Each structure stands twice: as structure tokens, then as C-alpha cells.
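S.K.:
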Amino acid sequence: MKKTIIACLLVLATVIPAFAAERSLGIDEFTSVDELAAAISAYFPKAQGEVKSVQGDRVTVSVGSKDGILVGVNLTLWRDGKEFRHPVSGALLGRAEDEVGSMEVASVGEAISTGVIRKKVLEPKVGDKARITPKKIGLALIPLRADKPEIIQELATRLNAYGRFTVLDSEKTAAFLKGRKQRDSSLAKEIGRTFNLDVVAAVGVYPSDNKYLVTTRLFYTDDDARLLNTIAVMIDLRTKRDSLGEVKPFFAPAKMEKGSLDGLPFDAQLFQAGDLEGTGRLQYVFSDGSRLHIYQEGPAGWREVWTETTDYAASEMQLLNLDIADINNDGKQEIFATGMLNGAVVSYVIESRDGVFKRVADMHGFLRVIKYPRKGSILIGQSYDPAKFYAGQPKEYVWSNGRYVAGPEFSLPPGVGLYGFMLADMGEADHFLVALDDAERLRVYSKGILIWKSEETYPTVGVTIKKPVTGLDEMFSKTAAEDDKAQLVKIPGRIFAMDVNNDGKDEIMLPKNSGATFLTGHKAADLYGLGWNGTRMEVRWNIKDLPGAVLDYQVVRLQTGAQVLTLLRSLGGVLTKDTVRVMTYEVK
């Protein structure tokens, strides 16, 4: 194998001498094109910081490995310029951005990076901004040699799917390259200027022992068309990796939009992350609609470590909610699952005991966990009635004498159900209750009184279940279609509240799915962070163009900001299946 790799590299050197290597080629072993797309995406995280020091042409900035910064990347330098004000009211509308220049990162620490000025428009100074653009990266794939052209086609598809890139259409690329023999840096600069691109990737595919050596040379399209790096990998598309002797499904999450592998091996619908074993290490719980699966991150990706086994068939259970919290205060978070089993709503609790995940409690009715301002996580539940669905008043559950016991009533405003709401500390005298109504609009309550309602809708996927038909339903229903519609109940998606910027006020975080048609589900989504301005909710930040619908999500606090882990479903085509995967975004 080593001889084959060396031979391929020698061939590469003779075929494309104009692209002479500036850095040594390290050969990685990949099992999917997705991994190559992730490796390319790793060089273009959305990151922004400030200039902390300037010494001649050397600049230190406040972004580092925690922000996804790698050696060799370009950071744009800019500073706030002239204010734009409304011509009548005088209100500040924004500021111009004055270009300072750009720098090449030479060394990376966890929170800071140092580099060299490559382009200077103004003299850089402390306080200037440094970033990799949050806009989509314009990229062209130039085939150097394509013994297996479908690899390059698949690479373009995967890069487009991440939502971070706009890949130039292959037909436009082919038309541009027609009649051109050179494959050097001047070509990268020329195609970049022609199509207003940011990056050009020169891709070569070379057979090797039933595998493929794929080299990807990343060039910036600026004046000197600098080589960013060379990624050289061996891809064996026939193999699947095993994990710890036992073959288990695995996948890799897309960290800060760096991609994923082939996605989850089942149709996941709900998702939670927590410290299930009290070790400080996150584990990830997924519902496939009827059973739970627990994953843990390992060297090869996320490995399944436990799958739920039950006495009933999968078709008899439909899970409708999933939460994680340490309610019994033993240092390990419990899993709380609620579903409809054979016409009745039941809940149960799973916890790690002596290194084994066990079902430790069964309860009738609905359960969910909410975070109560200044109290932490609390468990609330409500009874189930086949005719009314939700029955009686919700109650808070507490851990007492080795079991979960119903305690005081938990009051909800009229029209607000057990799911689809969150409590938030917005800096007012009393906490707010923020809920999604049936029209998927946000409602804000203070002391049970509605004080604001959004004009925008925030479609969530949620879970739709069909409650059993009662004798009374059969008596009054007119048609089978009307009866089916009457029995459908949607459990709305989650809302999160968290103080992201440490200003003492929570932000409401939720997805806004879009692109649904009569025949398909949602195709894309945005993430929103909303804050209270004293009279209404307003957008504080958003993340646009997620490559799929948000089925569920989890927010994890970081030292600065938060990490949003999204469970996304990307719709397949006529011949391809939908893909469910996890993508991670950081909010500061």
C-alpha cells in the first residue's frame, strides 16, 4: 500500500507541476466523500473577533481553535466606519464597514491567533475586527484528473448541502476550462474573478489498490491566488468501520458546520444531550419514534452504546416527548420519555445504574422537564383522558423516598398546553412564560396575562399523534376523514431560554422551518434568538439557511455563548432517501 501511495504522489507531481506543493502531503483514510467535504469545510468556519495587538506586520486576534481557526486561513480586517442615520427621525440605522486589509494565520491558540498582514488598506490597530465572512463561500471545483468523476460530483453536492458554500455549476466550470491547458494559480485567480468566487479547489482522483487517492488543493482567488492547503486522502467507498469489536451504527456530527458522515442509521425524531453517567461527558439520546438510542462520541464518530429493548412491538408505541435532567439529584441526568402505547399515554424514566442503562420508573400520563428561572430544572406532568387528551391541572413532580411524587399544581394560562412553552427571565420583576400557539406564533405571558403576540410564525416539526377513537367521537363524527382529523394532536416543538451573553436576561431560541409543500415536509430552516426590549420581543441574532428542517435541538452553555445542536432532516430526491444528521452552531 505504501508503495502504491508513493507512486500515486509521483504521478501527481508529474501531472500537475504548476501546482507544486508548498506543504507536505499527509494521507488520511476516509470511508465517504462526506468526510472530505467536512475537511474542506473546516477551513471556513464562521468566526469573528477583535485585533488585540499589532507589532509591525504581525497581528494577534481574539479567535482561535475554539472558533475553528486553522493555520493558513485568511482573516479579513475591518473597522466600524461612518454612521447611517434616518433622514427624518435621525435614528441610527447602522455603520459602514471600512476595509483595513487581511491577514494570514500563522499560529493558533485556543482563544487567540497570530498572523501576518497580507493586504493593507489602512494601518491596523487594536480594536479592529477580524473575521471569516459569515456569508456563503463561493467555490469552484476544478477537476485535474477524474478517473471516478462521480466523486467530484458527490463532493459538490455535499458542500452545497452544508449551507456554507455556493459551488459553481459544473457546466459553467467545464465551459470556462474548455481549451485551457494551464492548471496553475493564475487559472484560480481568473476563474475567481470571472464568477466572483472566494476559493478554488483543484481536485484530482487517482485509483490505488481498489481505493482512490483524492487530492484537493485549496486556493484563494485574491491577487496572488495563495495556496491555502492541500488535502490528500485515500477513500475506500466499499468499507464501513467497525467500533470496538461489535458492529454498531455510527455517525459524526457536523461541528460548527464542518459536515457529517452518512447520517443516522434510523429516522430520528427527537434528540437530547446530557451527562447521563455523571462523568462530565456528554451523551446523546435519540428517539426513532418508538425506541430510544444512546450515542457517545468516539475516535470514529458517534458510536451507539445502548438501544432500548421493550416487551411491546415498535408499532404499538409512538414517542411524543423526550427530556433529560437530574431530578433526583444523584449527579447523573435521567431520561424522561413520554409516548402513546396501545391507546394510553405513558411515561417512563431511564437512568444509568452501575454502568448499565435501566428503566427505573413507569408513570401514567404526560411528563416534561422545564427550566425554572433561579430554580433550575423541574419535572411537571399531567394526566391523560382519551376524550380530552390533557386532563386536570399539570403538577410539579419531586423526588421523594426513592420515587417521583406529584406535588403542587403548576398553573398555565388558558390555551397553553403542557408542551411548546418555556419560562424565561427577561429582566422584569416576574419571569415570563413564552409559548407557541396553534398558529405557530409566539405568545408572551406575565402572571398569566398575555402581553405580546408575534406577527411572525415559527413553524416547528414537532410530533403529530392520533389519539384513540372513543364512543362519543364515533357518535358525533360525520365522516371517516372528519374523524381522523379530529383525532390528530400535534405536540409542538421546543423553545429554549438561555442568557447567552451574560447580561442577566434570557434570550428565546427557536427554529423557523420553511419550504414545505403539499407533498413534502419542510426543506430548510433558520435559527432565531429573540430578546425582550421592554415592550416586545425583537430579533437579536439568527443563523440562516440550515440545510434541512429542524426536527429537534439542544442548547449547551459554553464559557462564552452557547452551542446549538440541531437534529436536521434533509429531503432526498427521487432515488435518494432523506438524511437525518446533527449539525452544531455556536452563538455568542
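Every letter in the sequence shown is one number past the one before it in the numbering used here, and letter 559, counting from 1, is 1245. For each residue, glycine too, the CB sits at the ideal point set by N, CA and C. Source: prediction; values computed, not measured.
(1) If we count the other Cβ atoms within 10 Å of its Cβ and call it buried at 16 or more, is residue 1135 buried or exposed?
(2) Name the residue from 1255, 810, 764, 820 whose alpha carbon lies nearest to the alpha carbon of residue 731.
(3) Expressed to the nearest angstrom, what Euclidean distance is found between the alpha-carbon atoms of residue 1087 and residue 1022?
(4) Can you check the segment 721-786 for any alpha helix (DSSP H) of at least 4 residues that lies completely inside it and give the ranges in chain order?
(5) May I have the straight-line CA-CA distance separating residue 1191 from residue 951, to the nearest angstrom?
(6) Name, in chain order, the residues that DSSP records as bridge partners for residue 899.
(7) If the criterion is Cβ atoms closer than 7 Å, does the pair residue 838 and residue 743 meet it?
(8) Using the three-state DSSP reduction, which class does residue 829 fall into: helix, strand or coil?
(9) For residue 739, count neighbouring C-beta atoms within 10 Å of its own C-beta (all shown protein chains included) and say buried if the count is 16 or more, exposed if not.
(10) Can you give me the Cβ contacts of residue 993 inside the same chain, cut-off strictly under 6 Å, excluding the 5 residues immediately before and after it?
(11) Would you say the segment 1109-1118 touches the segment 1073-1093, given that touching needs at least three Cβ pairs under 8 Å?
(12) Would DSSP call residue 871 helix, strand or coil?
(13) Check residue 1024 in the structure and name its three-state DSSP category.
(14) Ends of the beta strand (DSSP E) at residue 1229?
(15) Could you give the first and the last residue of the continuous alpha helix (DSSP H) run that contains residue 1244?
(16) Can you tell me where the beta strand (DSSP E) with residue 715 in it begins and where it stops?
(17) At which residues does the alpha helix (DSSP H) containing residue 858 begin and terminate?
(18) Grab the span of the alpha helix (DSSP H) containing residue 839 for me, first residue to last.
(19) Is the Cβ-Cβ distance between residue 816 and residue 763 less than 7 Å?
(20) Apart from the five residues just before and just after residue 805, which ones in its own chain have a Cβ nearer than 6 Å to its Cβ?
(21) Identify which residue in 876, 831, 878 has its Cα closest to the Cα of residue 892.
(22) What are the complete beta strand (DSSP E) segments, minimum 3 residues, inside the segment 1031-1082?
(23) Please identify the residue among 1092, 812, 1234, 1066 whose C-alpha is closest to the C-alpha of residue 1103.
(24) Between 955, 971, 1219, 1274, which lies nearest to residue 1178 when the distance is taken from Cα to Cα?
(25) Taking residue 719 and residue 921 to be in contact with their CB atoms under 8 Å, please state how far apart those CB atoms are, rounded to whole angstroms.
(26) Can you check which of these residues, 976, 1077, 1060, 1061, is closest to residue 1034 by C-alpha distance?
(27) To the nearest angstrom, how far is the alpha carbon of residue 912 from that of residue 904?
(28) Give the C-beta separation of residue 914 and residue 841 to the nearest angstrom, bearing in mind that I take them to be a contact with Cβ-Cβ under 8 Å.
(29) Is the beta carbon of residue 907 less than 7 Å from the beta carbon of residue 875?
(30) Of the choices 997, 1240, 1151, 1221, whose alpha-carbon is the least far from that of residue 1184?
(31) Just mark residue 829 as buried or exposed, buried being the case when its beta carbon has 16 or more other beta carbons within 10 Å.
(32) Helix, strand or coil for residue 1115 per DSSP?
(33) Hey, how far is the Cα of residue 866 from the Cα of residue 873?
(34) Ignoring anything shorter than 3 residues, give me the beta strand (DSSP E) runs that lie fully in the segment 1168-1222, in order along the chain.
(35) To the nearest angstrom, report how far apart residue 747 and residue 754 are at their CA atoms.
(36) So what's residue 957 in DSSP terms, helix, strand or just coil?
M.R.: Once the coordinates are examined:
(1) exposed
(2) Here the closest residue by C-alpha is 820.
(3) 19 Å
(4) Counting only unbroken stretches of 4 or more residues, no alpha helix (DSSP H) element lies wholly within the segment 721-786.
(5) 39 Å
(6) 892, 920
(7) no
(8) strand
(9) Here residue 739 is exposed, its C-beta having fewer than 16 other C-beta atoms within 10 Å.
(10) 979
(11) no
(12) In this structure, residue 871 counts as helix in the three-state DSSP scheme.
(13) Residue 1024 carries a strand assignment under DSSP once its states are collapsed to helix, strand and coil.
(14) 1223-1232
(15) Counting along the chain, residue 1244 falls outside any alpha helix (DSSP H), and DSSP gives it neither H nor E.
(16) It spans 713-716 - the beta strand (DSSP E) in which residue 715 sits, taken as one unbroken run.
(17) 856-863
(18) 835-847
(19) Against a cut-off of 7 Å, the Cβ pair of residue 763 and residue 816 comes out as a contact.
(20) 787, 788
(21) 831
(22) 1042-1050, 1052-1058, 1062-1071
(23) 1066
(24) 955
(25) 7 Å
(26) Comparing Cα positions, the closest option is 976.
(27) 9 Å
(28) Contact flag wrong, Cβ pair sits at about 17 Å.
(29) For residue 907 and residue 875, yes; Cβs fall inside 7 Å.
(30) 1240
(31) buried
(32) coil
(33) 9 Å
(34) 1174-1177, 1182-1184, 1193-1200, 1210-1218
(35) 14 Å
(36) Residue 957 falls in the strand class under three-state DSSP.
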